[in-house]
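Residue numbers (the numbering used here): 2 to 159.
Backbone N, C-alpha and C fix where the C-beta goes; we use that ideal spot for every residue, glycine too.
Please read these numbers as outputs of a predicted model, since none were measured by experiment.
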Amino acid sequence: ILDRKLAASFLREWIGEMQRVEKEPTPVERPQTVAETDSGGLSVDTESGMNMQDSSWPSIWENILANVSSSEEKTALAEVASNAAVFEGKEKPLFDCEFNVYGEDFYCDLAWIQSKVLFFTEENEDGYDAARETEWKCIKSLSTDLTAQLIADTLKGE
């Protein structure tokens, strides 16, 4: 049977006096889930929305179109969807994601993180009102000047 005191005295001769060392806490690596703006108080939770990276541009706009109810909004978004080719080579968005402005949570319909662009339908108008006070470009589906080209011009390439 091994006696701890005998083992410790034997080892002390070889390695010196043993001292108890507290284990240093290791920082927990957490994947980045929030995209912060340089300033302006807006952050987007990148895990709250659906990543549309593998979706085609027509299907991205069809998803938005399927979630609106007013005929005016459907007409405006159908026009954008019919010109989806202008988005080729542009950054793909997150769909239906949550963002935070100065501690208050809101939703947008599309968020392009690298381009710092948010798109809002009528349902998320409160988010539009909060986000437009930041440095992010905010586009509303019922804007009188809404076109596919207007949106595409605000986006960075993939």
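Take residue i as the anchor and find which of the options has the nearest alpha-carbon.
i    : options                  : result
A1   : T122, W62 and G104       : With the chain covering 2 to 159 only, the question about residue 1 has no answer from this structure.
K91  : S71, Y103 and K117       : K117
N84  : T148, F96 and T155       : T148
E105 : I114, E159 and D46       : D46
Y108 : L7, A8, K6 and M51       : M51
E99  : N125, L7 and K6          : N125
G128 : Q150, N101, E48 and L143 : N101
F120 : E134, F96, Y103 and T135 : F96
S44  : E159, I152 and Q115      : Q115
T135 : Y103, E48 and I65        : Y103
A67  : A82, D55, S49 and Q54    : A82
Tell me whether residue i is buried or exposed, calling it buried when 16 or more other Cβ atoms sit within 10 Å of its Cβ.
i    : result
D4   : exposed
T76  : exposed
K141 : buried
D110 : buried
L78  : buried
E48  : exposed
Helix, strand or coil for residue i? Go by DSSP, reduced to three states.
i    : result
K91  : strand
N68  : coil
S116 : coil
N101 : strand
K157 : coil
L147 : coil
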